[in-house]
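J.: Quick one: this structure, given as structure tokens, is what I'll be asking you about.
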Amino acid sequence: MEGNANLYAVLAAGFPQDRTKIAIETPERNYTWNDIEAWSGRLATMLSDLRLPAGARVAVQVQKSPMALMLYLATVRAGLVYLPLNTAYKESEVEYFLTDAEPSVIVCDSQNLGWVSALANKTNTPHVFTLDADGSGSLVDAAANSHAAFQTVQSAPDDLAAILYTSGTTGRSKGAMLSHRNLSSNAEVLNEYWGWSADDVLLHMLPIFHVHGLFVASHGALLAGAKMVWLPKLDIDQALKYLPESTVMMGVPTYYVRLLGDPRFTRDVCRNMRLFISGSAPLLSETFNEFKERTGHTILERYGMSETIMLTSNPYDPAQGERLAGTVGMPLPGVSVRVVDDADQPVPAGTIGSVQVRGPNVFSGYWRMPEKTREEFTADGWFRTGDLGLFGGEGVPDTYLSIVGRSKDLIISGGYNVYPKEIELVIDALPGVNESAVIGVPDPDFGEAVVAVVVPRDGQTLDAAQMQAALKGSLANFKVPKRIHFISELPRNTMGKVQKNILREQYKNG
Ligand code: MLC
Ligand code: AMP
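Per the working numbering, the sequence shown starts with residue 1407, numbered consecutively.
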């Protein structure tokens, strides 16, 4: 529909004329562009028939499947707000999201229906549906007889399309509110910048509950009218099978480390590839170099976050410059990035400071946290990313940004963010624990691994394995420390603050 800012309308404008072409290929079956329109249409009709208030949230914690993508598109088409949840989240974590976001609908795997229904009851979430990895469940049953022809809801650019929860430094997750404009402007910029075309084939192996897999990867292919090979997760055998027919792949650094770890991953396997993209966590120069040597391809590293989607990218077009290891490239067209000192004043190139950003891609604020939102924006509208970086530096042109650290206490493990404070609060509540500090240490597979340093209560002996098992009861497994060390006292500075840098140094080799 002309003039409709609805993200689906923007994406659909890129679908190919011939809707009988394959849009999504999976090992089991293929889906055409007609299927995408019809299934997102049926689900949107069904959601609309629920007569939900404008801006109602649809919370979704399901395994990755083509139908899960249809549900996302349907939610957007119906003018509702999509709220994806990591499948690893446990009951107590999901309870927080349902309480905070007050969704009208929750869609879960049928195996979780028992506890999700109980939570829905407790949190007054009126509608519960199931959707399984094979595309079956009460959601699809309910939509099966709904009209496939659905007129995408007319949305204003600033209407919300999605809320993505990102953990907070205080331990409380914050919902980043993303509008149709945030998402579509970023998709359009990346479409052009990364040279997407209808001839591309995207190897999609990322989870679809985060920015990287849900927006950057899926929108890229949808807007280009390009086919996606849709795999439920990173699986090296499957990746090796489908890479020869693919032209684009996106992954967090662990994906590239694992591909390189397999001797079958060769130049020949990549013979049709046009672009490998890495992001969500720092790509080590050694991975970048080894990849180039093995495949002849130079990984393109980019930088972004849930609150902003994509911010910077190394050049795609060689005419714009080289892809430089250790940098995240230049601000994307329309995005402004500055590096500032503690007084929010820009610092010269070559100087490390805080990274702040502005642009049509930057979110409007945190869900029901006006104060937190105010704190995270400067008076003149720049968003404080919490990342430390510099433009230029030794041997690097001044137009390139490098991320060198974080002012936020955050661990990124295999592309998942883990906030130490959240884990420390759970550890400290375990019997026999006096206090704890959670740190990230270098890990060859995950980039950083979560490690806990625990001070037992006087005279108590604690068992690391038992503690890990207990933590798995309430925390997603990826947040559970891979190792727990015991210590009699945490190192503190004169202000009483735990010196995590000392702990990181002490425990970096396990
Ligand atoms: C799984 N585990 C992890 C983990 N993923 N532990 C730490 N970090 C992770 N990322 C746990 C599992 O639960 C299991 O523990 C054990 O580690 C081994 O699991 P595995 O079989 O090796 O894990 P696998 O299923 O292969 O998953 C690893 C992975 C996956 C790297 C493929 O984590 C992944 O796809 N990560 C991508 C995350 C992502 O999309 N990030 C984008 C965020 S968006 P146990 O105890 O269960 O046996 C963003 C913005 C931006 O940041 O810029 O893009
Ligand atoms: P999230 O909150 O999950 O969206 O994670 C966003 C954070 O991931 C950013 O603030 C950065 O700290 C980090 N990040 C994303 N891409 C990169 C990258 N290419 N290099 C370093 N850090 C990155």
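Just so it is clear, CB atoms sit at the ideal spot from N, CA and C, and this is done for glycine as well.
1. Could you compute how far the alpha carbon of MET1407 sits from the alpha carbon of ALA1460?
2. Could you give the DSSP three-state label for ASP1723: helix, strand or coil?
3. Starting from the Cα of ASN1918, find the closest Cα among LEU1628, ARG1578, GLU1911 and give me that residue.
4. Let me check understanding here. Comparing Cα to Cα, which of LEU1730, ARG1677, THR1718, ARG1673 lies closest to SER1917?
5. Checking contacts by CB at 9 Å: is GLY1879 closer than that to chain B?
6. Taking DSSP as the reference, what is the three-state secondary structure of HIS1586?
7. Going by DSSP, which residues form a beta bridge with THR1536?
8. Secondary structure at ARG1889, three-state DSSP: helix, strand or coil?
9. Determine whether the beta carbon atoms of VAL1734 and GLY1795 lie at a separation below 9 Å.
10. In or out: LYS1528 buried (at least 16 other Cβ within 10 Å) or exposed?
11. How far does the beta strand (DSSP E) with ALA1855 in it extend, from its first residue to its last?
12. What's the C-alpha gap between LEU1690 and ARG1578?
13. Hey, quick one: how far does the beta strand (DSSP E) through LEU1807 stretch, first residue to last?
14. Taking the alpha helix (DSSP H) that LEU1525 falls in, what are its first and last residues?
15. Does the ligand MLC have even one heavy atom less than 8 Å from the beta-carbon of TYR1661?
16. Could you check whether the Cβ of GLU1713 sits closer than 8 Å to any heavy atom belonging to the ligand AMP?
17. Let me make sure I understand the geometry here. Which of GLY1420, ILE1430, LYS1885 has the alpha-carbon closest to that of TYR1648?
18. Sort out for me which residues DSSP pairs TRP1636 with in a bridge.
19. Here's a check: name, in chain order, each residue in its chain whose Cβ is nearer than 7 Å to the Cβ of ARG1898, leaving out the five neighbours to either side.
20. Near TYR1772, which residues of its chain fall below 8 Å by C-beta distance, leaving aside the five closest residues on each side in sequence?
21. Considering only C-alpha positions, which residue in the set ALA1725, MET1736, ILE1833, GLN1726 is nearest to LEU1807?
22. Determine the extent of the beta strand (DSSP E) in which ASN1840 is found, giving its start and end residues.
23. Just tell me which of THR1451, GLY1765, LEU1637 has its CA closest to the CA of ASN1588.
24. By alpha-carbon positions, which one of MET1656, THR1693, THR1660 ends up nearest to MET1679?
25. Three or more C-beta pairs under 8 Å: does that hold for the region 1874-1890 against the region 1495-1503?
26. Is it the case that the CB of LYS1888 approaches a heavy atom of the ligand MLC more closely than 8 Å?
27. In whole angstroms, what separates the C-alpha of GLY1710 from that of MET1716?
28. Between the region 1467-1477 and the region 1856-1871, do at least 3 Cβ pairs fall closer than 8 Å?
29. Grouping DSSP H, G and I as helix and E and B as strand, with all else coil, what is MET1407?
T.: This is what the structure holds:
1. Numbered from its first residue, the sequence shown carries residue 1407 at position 1. Numbered from its first residue, the sequence shown carries residue 1460 at position 54. In this prediction, MET1407 has a pLDDT of 45, which is less than 50 and means its spatial position is unreliable; what the coordinates show is noted afterwards. Going by the C-alpha atoms only, they are around 20 Å apart.
2. On the sequence shown, residue 1723 is found 317 positions in, with the first residue counted as 1. ASP1723 falls in the coil class under three-state DSSP.
3. A question about residue 1918 goes unanswered here, because the residues of the chain that appear run from 1407 up to 1916.
4. This structure gives no information on residue 1917, because the portion of the chain shown stretches from 1407 to 1916.
5. No chain B appears in the structure shown, which is made up of a single protein chain.
6. Here the question's residue 1586 lines up with position 180 in the sequence shown. Residue state, collapsed to three classes: helix.
7. Position 130 of the sequence shown, counted from the start, is the residue given in the question as residue 1536. The partner list for THR1536 (beta bridge, DSSP) reads CYS1514.
8. Reading the sequence shown from its first residue, position 483 is the one you call residue 1889. Collapsing the DSSP output to three states places ARG1889 in a strand.
9. Your numbering for residue 1734 matches position 328 in the sequence shown. Your numbering for residue 1795 matches position 389 in the sequence shown. Taking C-beta atoms as the reference points, VAL1734 and GLY1795 count as a pair closer than 9 Å.
10. Counting from one through the sequence shown, the residue named residue 1528 turns up at place 122. Burial state of LYS1528 is exposed, judged by a 10 Å Cβ sphere holding fewer than 16 other Cβ atoms.
11. Looking up residue 1855 in the sequence shown gives position 449. Taken as a continuous stretch (DSSP letters only), the beta strand (DSSP E) holding ALA1855 covers 1853-1862.
12. Looking up residue 1690 in the sequence shown gives position 284. Looking up residue 1578 in the sequence shown gives position 172. A direct Cα-Cα distance of roughly 30 Å separates LEU1690 from ARG1578.
13. For this step, residue 1807 is matched to residue 401 along the sequence shown. Per DSSP, the unbroken beta strand (DSSP E) holding LEU1807 starts and ends at 1807-1812.
14. In the sequence shown, the residue the question calls residue 1525 occupies position 119. Counting along the chain, the alpha helix (DSSP H) containing LEU1525 begins and ends at 1519-1528.
15. Position 255 of the sequence shown, counted from the start, is the residue given in the question as residue 1661. Within the cutoff, so yes.
16. As a position in the sequence shown, residue 1713 is number 307, starting the count at 1. Result yes, Cβ under 8 Å from the ligand AMP.
17. Position 242 of the sequence shown, counted from the start, is the residue given in the question as residue 1648. Of the candidates GLY1420, ILE1430, LYS1885, the residue whose Cα lies closest to the Cα of TYR1648 is ILE1430.
18. Against the sequence shown, residue 1636 aligns to sequence position 230. Answer is HIS1610, bridged to TRP1636.
19. In the sequence shown, the residue the question calls residue 1898 occupies position 492. Non-local C-beta neighbours of ARG1898 in its own chain, meaning closer than 7 Å and more than five positions away in sequence, comprise VAL1904, GLN1905, ordered along the chain.
20. Sequence index remark: in the sequence shown, residue 1772 carries index 366 (1-based). These residues qualify, in order along the chain: LYS1580, GLY1581, ALA1582, MET1583, LYS1778, THR1779, GLU1782.
21. Along the sequence shown, read from residue 1 onward, the residue named residue 1807 stands at position 401. Here the closest residue by C-alpha is MET1736.
22. The sequence position of residue 1840 within the sequence shown is 434, counting from 1. Per DSSP, ASN1840 is one residue of the beta strand (DSSP E) stretching across 1839-1849.
23. Locating residue 1588 in the sequence shown gives position 182, where the first residue counts as 1. It is GLY1765.
24. Position 273 of the sequence shown, counting from 1, holds the residue named residue 1679. If we check each option's Cα against that of MET1679, MET1656 comes out closest.
25. Counting Cβ pairs under 8 Å, three or more are found: they touch.
26. Taking the sequence shown and counting its residues from 1, the one referred to as residue 1888 is at position 482. LYS1888 Cβ: within cutoff of the ligand MLC.
27. The residue labelled residue 1710 in the question sits at position 304 within the sequence shown. The residue labelled residue 1716 in the question sits at position 310 within the sequence shown. Taking the straight line joining both Cα atoms gives about 4 Å.
28. Inter-segment contact for the region 1467-1477 and the region 1856-1871 is absent: fewer than three beta-carbon pairs are separated by less than 8 Å.
29. Within the sequence shown, residue 1407 is the residue found at index 1, counting from 1. Low per-residue confidence applies at MET1407: pLDDT is 45, beneath 50, and the placement is therefore not dependable, though the value from the model is reported in the following sentence. Coil.
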